[in-house]
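Heads up: the sequence shown begins at 12 in this note's numbering, then just goes up one per residue. Backbone N, C-alpha and C define an ideal beta-carbon position, used for all residues, glycine too. This report concerns only the one structure given below.
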Amino acid sequence: MRHADDTITGELPGIKPLPAPRKPRAKKYATLAEKQAAYRARKGVTAITVTLPDALAAEFKQWLAAKGKTASPVIEKLIQTQLLRKR
12 MRHADDTITG ELPGIKPLPA PRKPRAKKYA TLAEKQAAYR ARKGVTAITV
62 TLPDALAAEF KQWLAAKGKT ASPVIEKLIQ TQLLRKR
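Written out as structure tokens, the structure reads:
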């Protein structure tokens, strides 16, 4: 195999030459913020920031690690079942 620009080296029988380099794809998003905004719009989600005391946050992270879960689905379920339930 040889590079497409190599004109000196001969071709080896049974080996195809390397394809010419392709042009890189055009970027869809100018910034990472635009990319993140498009992801949120596609998924229909909103980012919410929650401020917790350090001790509570550490205990919550420990619980998540022990259960093998992530924070978003746990908090989503808590809001649906505890705060927004019909009474």
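Asked                                                                               : Found
Alpha carbon of Tyr6 to alpha carbon of Ala52, nearest angstrom                     : A question about residue 6 goes unanswered here, because the residues of the chain that appear run from 12 up to 98.
Start-to-end residues for the alpha helix (DSSP H) that takes in Glu45              : Leu43 to Lys54
Minimum C-alpha distance to Pro30 - residue among Arg36, Asp16, Ala37 and Thr20     : Asp16
Start and end residues, alpha helix (DSSP H) containing Val85                       : Ala82 to Leu89
Selected residue, minimal CA-CA separation from Val56, among Ser83, Ala76 and Thr42 : Ser83
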